[in-house]
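A.B. asks: FYI, in full-length UniProt numbering the residues of the sequence shown are 1 to 345.
By construction, the Cβ of each residue, glycine as well, lies at the ideal position given by its N, Cα and C atoms.
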Amino acid sequence: MKDAISVLQKVIPDLLSHLTHRYRILEVINLQSPIGRRALSEITSISERSLRTETDYLKNQGLLFSTKAGMSLTLKGKKVFHELEGILDRMLTMDRKEEALAKKLNLQFCRIVPGDTDDSKEILDILGEHAVEVFDELLPEGAFVVAVAGGSTMLAMAQHMTTELSEQRHFTFVPARGGLGDLMAIQANSVSDSMAQATGGSNTALFVPDDLSEEALNLLKNEPSILQTMNLMKQANCLLYSIGSAKVMMERRKMPAELKAILVEKQAVGEAFGCYFDDKGRIVHRLSRFGLQIEDVAAIPYAIAIAGGSSKANAIQAYSHIAPEHTWLVTDEGAANSILKGITL
Numbered sequence: 001m002k003d004a005i006s007v008l009q010k011v012i013p014d015l016l017s018h019l020t021h022r023y024r025i026l027e028v029i030n031l032q033s034p035i036g037r038r039a040l041s042e043i044t045s046i047s048e049r050s051l052r053t054e055t056d057y058l059k060n061q062g063l064l065f066s067t068k069a070g071m072s073l074t075l076k077g078k079k080v081f082h083e084l085e086g087i088l089d090r091m092l093t094m095d096r097k098e099e100a101l102a103k104k105l106n107l108q109f110c111r112i113v114p115g116d117t118d119d120s121k122e123i124l125d126i127l128g129e130h131a132v133e134v135f136d137e138l139l140p141e142g143a144f145v146v147a148v149a150g151g152s153t154m155l156a157m158a159q160h161m162t163t164e165l166s167e168q169r170h171f172t173f174v175p176a177r178g179g180l181g182d183l184m185a186i187q188a189n190s191v192s193d194s195m196a197q198a199t200g201g202s203n204t205a206l207f208v209p210d211d212l213s214e215e216a217l218n219l220l221k222n223e224p225s226i227l228q229t230m231n232l233m234k235q236a237n238c239l240l241y242s243i244g245s246a247k248v249m250m251e252r253r254k255m256p257a258e259l260k261a262i263l264v265e266k267q268a269v270g271e272a273f274g275c276y277f278d279d280k281g282r283i284v285h286r287l288s289r290f291g292l293q294i295e296d297v298a299a300i301p302y303a304i305a306i307a308g309g310s311s312k313a314n315a316i317q318a319y320s321h322i323a324p325e326h327t328w329l330v331t332d333e334g335a336a337n338s339i340l341k342g343i344t345l
């Protein structure tokens, strides 16, 4: 609902001010009817001249009527008032929920989309769409090297990017890490390339699996194309990534049973940048040091984490212990409600 209002405001900039203005008039008349214009002016702090214009409009809409005793709502007016009350209440509740979540997680900003990604793939698509909106809101004009992680959430974001994002901006996309044992479409290389194509930007690939031995990685580090990508990665001034459930990421990486047992014993709940961490944000296992590390995030000025679904709530909350304060989070109600359980909004 809040997003519908945001869209309408782009076409009618003063929509929300008119909406809240008229809602306040209807609210007072509903509580104080019959009420005269002077008394209504004193309560609402709106001049009698402005009130005359507003109340005439509301009368023409059939929402109120006047008698010698004052103004009252019609049956239609009462119905519209209660419907409007519900709409504004939902908007304010979501605002409060976003503020409460940002405060609890100690993050700069949180955007919450309705629904639970765990229940519907459509919510994942909406999550990706909102992530693009946040990306557009956050970034100023200029040139950006955007480091991109892989995963289905990041692919959903890529599918909503357009060349409009590149107005007064230039993007160079680079994968944040190597590949996993994933479907090709959701590997960081593919997602990074998709974003570059969608925005008219450029892309550099990194074809290095996360599960190579340190010896093999050391041999690759001086390979010219890999060295070029790694150097570009160090210049990243924007980061797009997700936060994973430790259990799910173990399966995606096809971890050996012995290592899974160790991570379970160490109570790993989440994963980001190849690091598995417990509910206090303590790193209990780290994959290869190839690509961006979790410690690098603090130095990147524009960082957006996108993660939804109630099943990721523990991982998101655990990651907040190590996330830089300037992080912007895009999540859904499924995760937000689980994290905020017991908190009065």
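1) Q61 to T44, Cα distance in whole Å?
2) Answer yes or no: do A149 and S245 have a C-beta to C-beta separation smaller than 7 Å?
3) For V284, which of helix, strand or coil comes out of DSSP?
4) Note down, in chain order, each residue of its chain lying with its Cβ closer than 7 Å to the Cβ of N106, except the 5 sequence neighbours on either side.
5) Rounded to whole angstroms, what is the Cα-Cα separation between T162 and E129?
6) With a Cβ-Cβ cutoff of 7 Å, do T204 and V174 count as a contact?
7) Can you tell me whether A336 is buried or exposed, with buried defined as 16 or more other CB within 10 angstroms of its CB?
8) Shortest alpha-carbon distance to D136 belongs to which of H170, K234, K103 and K254?
9) Could you pull the start and end residues of the beta strand (DSSP E) that P175 belongs to?
10) For Y276, is the classification buried or exposed, using 16 other Cβ atoms within 10 angstroms of its Cβ as the cut-off for buried?
11) Does the beta-carbon distance from A216 to I300 come in below 7 Å?
12) Which whole-angstrom value describes the C-beta separation of L75 and N30, a residue pair presumed to lie in contact below a C-beta threshold of 8 Å?
13) Is the region 295-309 touching the region 85-94, taking contact as three or more C-beta pairs under 8 Å?
14) From the DSSP output, which residues share a beta bridge with D116?
15) Tell me the DSSP bridge mates of N203?
16) In angstroms with no decimal places, state the Cα-to-Cα distance between G77 and K97.
17) Here's a check: name, in chain order, each residue in its chain whose Cβ is nearer than 8 Å to the Cβ of T229, leaving out the five neighbours to either side.
18) Determine which residues share a DSSP beta bridge with F109 and list them.
19) Is the region 261-272 close to the region 100-116, with three or more CB pairs under 8 Å?
20) Could you tell me the distance, in whole angstroms, from the CA atom of S311 to the CA atom of N189?
21) Can A198 and V330 be called in contact, C-beta distance under 7 Å?
22) Out of R37, G308, I262 and A307, which has the shortest C-alpha to C-alpha gap to R286?
23) Just to confirm the assignment, what range does the beta strand (DSSP E) spanning residue 348 have?
24) Is it buried or exposed, L124, if we count other Cβ atoms within 10 angstroms and call 16 or more buried?
25) If you follow the beta strand (DSSP E) that S66 is part of, which residue opens it and which one closes it?
26) I'd like to confirm the pairing. Which residues does DSSP put opposite G334 in its beta bridges?
27) To the nearest angstrom, how far is the alpha carbon of A39 from that of S17?
28) Cutting at 7 Å between CB atoms, please list the residues of its own chain near L220, excluding the five before and the five after it.
29) Since V191 contacts L239 with CB under 8 Å, what's their CB separation in whole angstroms?
30) Give me whichever residues DSSP pairs with F277 in a beta bridge.
31) Under 7 Å, do I25 and E48 count as touching if we go by C-beta distance?
32) Once DSSP output is grouped into helix, strand and coil, what is the label at G77?
33) Taking buried to mean at least 16 other C-beta atoms within 10 Å of its own C-beta, is E333 buried or exposed?
34) Answer with buried or exposed for S66, where buried requires no fewer than 16 other C-beta atoms within 10 angstroms of its C-beta.
C.D. replies: For this structure:
1) As a first step, residue 61 is located in the sequence shown; it is residue number 61 there, counting from the start. As a first step, residue 44 is located in the sequence shown; it is residue number 44 there, counting from the start. Approximately 21 Å between the Cα atoms of the pair.
2) Taking the first residue of the sequence shown as position 1, residue 149 is located at position 149. Taking the first residue of the sequence shown as position 1, residue 245 is located at position 245. Not closer than 7 Å, so no.
3) Reading the sequence shown from its first residue, position 284 is the one you call residue 284. Strand at V284.
4) Residue 106 sits at position 106 when you count from the first residue of the sequence shown. Excluding sequence neighbours, N106 sits near S320 and E325.
5) Position 162 of the sequence shown, counting from 1, holds the residue named residue 162. Position 129 of the sequence shown, counting from 1, holds the residue named residue 129. A straight line joining the alpha-carbon of T162 with that of E129 spans about 11 Å.
6) The sequence position of residue 204 within the sequence shown is 204, counting from 1. The sequence position of residue 174 within the sequence shown is 174, counting from 1. Yes, the pair counts as a contact, with Cβ atoms nearer than the cut-off.
7) By one-based count along the sequence shown, residue 336 stands at place 336. It is buried - the Cβ of A336 has at least 16 other Cβ atoms within 10 Å.
8) Locating residue 136 in the sequence shown gives position 136, counting from the first residue. It is H170 whose Cα lies nearest to the Cα of D136.
9) On the sequence shown, residue 175 is found 175 positions in, with the first residue counted as 1. Segment R169 to P175, the beta strand (DSSP E) holding P175.
10) Here residue 276 corresponds to residue number 276 of the sequence shown, with the count starting at 1. Buried, by the Cβ-count rule.
11) Your numbering for residue 216 matches position 216 in the sequence shown. Your numbering for residue 300 matches position 300 in the sequence shown. Contact flag unset, no.
12) One-based indexing of the sequence shown puts residue 75 at position 75. One-based indexing of the sequence shown puts residue 30 at position 30. Not confirmed; about 12 Å, so no contact.
13) no
14) Start at 1 with the first residue of the sequence shown, and residue 116 comes out as number 116. D116 pairs with nothing; no bridge assigned.
15) Along the sequence shown, one-based indexing puts residue 203 at 203. N203 is bridged by DSSP to F173.
16) The count along the sequence shown starts at 1 and reaches residue 77 at position 77. The count along the sequence shown starts at 1 and reaches residue 97 at position 97. Near 30 Å, if we compare the C-alpha coordinates of K97 and G77.
17) For the purposes of this step, residue 229 is taken as the residue at position 229 of the sequence shown. Closer than 8 Å at Cβ, skipping near neighbours: V174, P175, T204, A205 and L206.
18) For the purposes of this step, residue 109 is taken as the residue at position 109 of the sequence shown. BP columns for F109 point to W328.
19) With fewer than three CB-CB distances shorter than 8 Å, the region 261-272 does not count as touching the region 100-116.
20) By one-based count along the sequence shown, residue 311 stands at place 311. By one-based count along the sequence shown, residue 189 stands at place 189. The alpha-carbon atoms of S311 and N189 are separated by roughly 26 Å.
21) The residue you call residue 198 lines up with position 198 of the sequence shown. The residue you call residue 330 lines up with position 330 of the sequence shown. With respect to the 7 Å criterion, A198 and V330 are not classified as neighbours on the basis of their beta carbons.
22) In the sequence shown, counting from the first residue as 1, residue 286 sits at position 286. The residue with the shortest Cα to Cα distance from R286 is I262.
23) With the chain running from 1 to 345 in the structure shown, residue 348 is simply not present.
24) One-based indexing of the sequence shown puts residue 124 at position 124. Classification of L124: buried, given that the 10 Å Cβ count is 16 or more.
25) Within the sequence shown, residue 66 is the residue found at index 66, counting from 1. Start and end: L64 to T67.
26) Reading the sequence shown from its first residue, position 334 is the one you call residue 334. Its beta-bridge partners do not exist; DSSP assigns none.
27) Taking the sequence shown and counting its residues from 1, one reaches residue 39 at position 39. Taking the sequence shown and counting its residues from 1, one reaches residue 17 at position 17. For A39 and S17, the distance between alpha carbons rounds to 22 Å.
28) Counting from 1 along the sequence shown, the entry for residue 220 is found at position 220. Around L220: V208 and I226.
29) Position 191 of the sequence shown, counted from the first residue, corresponds to residue 191. Position 239 of the sequence shown, counted from the first residue, corresponds to residue 239. Their Cβ separation, rounded to whole angstroms, is 13 Å, which puts V191 and L239 out of contact at 8 Å.
30) Looking up residue 277 in the sequence shown gives position 277. Its beta-bridge partners are G270 and I283.
31) The residue labelled residue 25 in the question sits at position 25 within the sequence shown. The residue labelled residue 48 in the question sits at position 48 within the sequence shown. The answer is no: Cβ separation not under 7 Å.
32) To locate residue 77, count along the sequence shown from 1; it is residue 77. In this structure, G77 counts as helix in the three-state DSSP scheme.
33) For the purposes of this step, residue 333 is taken as residue 333 along the sequence shown, with counting starting at 1. E333 is buried by the Cβ-count criterion.
34) Along the sequence shown, read from residue 1 onward, the residue named residue 66 stands at position 66. S66 should be labelled exposed.
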